[in-house]
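Numbering of the sequence shown is given in the working numbering, commencing with residue 54 and proceeding in unit increments.
Heads up, the beta-carbon is just placed ideally off N, CA and C, and yes, glycines get one too.
Nothing here was measured: the structure is a model prediction, and the numbers come from that model.
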Amino acid sequence: AAVPERADASPTEDPAGGSQSAEEFLEYAIADMPVLREHCLAFIKAPSTENGRNNLSALRKRLAVLNAGAQKTGCARLALLANAWEALLAEIERKPAGISPSVLQTLAQAADCLRILLNNNAVSPMEPLSQARVLSVDDDEICNDVAVAALQRANMGADSVLDANAAVEKLKATDYDLVLLDINMPG
């Protein structure tokens with residue numbers, strides 16, 4: 054199947070004017086994944102250039118289309134991930150000074166996570182999710198702020214801490230579904 058080239062193409066309408074099934078939408082999403090990844094990597098390689106910003110904008114538009122299609126077809130997990138990724142991109146566009154190697158690595162990992170979700174038959178993108186509780190652990194306060202803002206825009210509960218000891222204390226007190234951990238923290 055050809056990879057869709059237009060970010061404004063509706064993934065939930067077929068050429069005859071009807072609505073796509075969830076299965077057809079997932080085929081669209083899988084076919085669009087290489088284009089999403091290409092835009093993501095192009096931004097990561099040159100985030101402060103005009104080309105990088107254009108790729109960021111194109112990626113965000115494609116994610117908005119993917120998110121809308123996922124919501125319309127009931128692909129809850131896909132919608133959640135696309136919404137969180139799109140929210141992170143919105144924060145990057147809003148605060149370009151906050152772009153750090155950690156943020157760029159998170160973008161690359163989001164692309165990998167989406168690819169895995171779409172290609173993993175063991176976990177259905179259709180299954181509903183309860184509101185996730187996430188702890189962000191990063192010694193870079195800006196990265197923590199961006200992560201928490203993106204997670205909250207994706208309707209997730211999010212907390213953040215700046216060091217591993219504080220994270221351990223938070224984990225003892227609260228049952229988190231996910232911990233985002235900076236792998237380059239001191240200590």
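Within 9 Å, strictly: CB atoms of residue i and residue j
| i | j | result |
| --- | --- | --- |
| GLY127 | ALA75 | yes |
| ASP235 | ASP198 | no |
| ALA82 | GLY122 | yes |
| ALA220 | LEU188 | yes |
| LEU233 | THR159 | yes |
| LEU167 | MET86 | yes |
| VAL190 | LEU231 | no |
| LYS114 | PHE78 | no |
| ALA93 | LEU119 | The question names Ala, yet the displayed sequence has Cys at residue 93. The answer is no: Cβ separation not under 9 Å. |
| ASN208 | GLN184 | yes |
| ILE195 | LYS148 | yes |
| ALA84 | GLU144 | no |
| LEU116 | LEU171 | no |
For residue i: DSSP bridge partner residues
| i | result |
| --- | --- |
| ASP212 | LEU188 |
| LEU233 | SER189 |
Pick from the options that is closest to residue i, judged by C-alpha positions
| i | options | result |
| --- | --- | --- |
| GLU146 | PRO100, ALA220 and GLN158 | PRO100 |
| VAL156 | ASN120, TYR81, LYS98 and ALA217 | LYS98 |
| GLU91 | LEU233, GLU77, LEU109 and LEU188 | LEU109 |
| SER153 | ALA200, ASP212 and ASN120 | ALA200 |
| ALA211 | LYS225, GLN73, ARG186 and PRO239 | ARG186 |
| ALA161 | GLN205, ARG206 and ALA95 | ALA95 |
Query raised in the report: Per the contact definition of three or more C-beta pairs closer than 8 Å, is the region 125 to 143 in contact with the region 99 to 106?
Result: Inter-segment contact for the region 99 to 106 and the region 125 to 143 is absent: fewer than three beta-carbon pairs are separated by less than 8 Å.
Report task. Scan the region 103 to 169 and note each continuous beta strand (DSSP E) run of 3 residues or more that stays entirely inside, going in chain order. Result -> Runs found: none.
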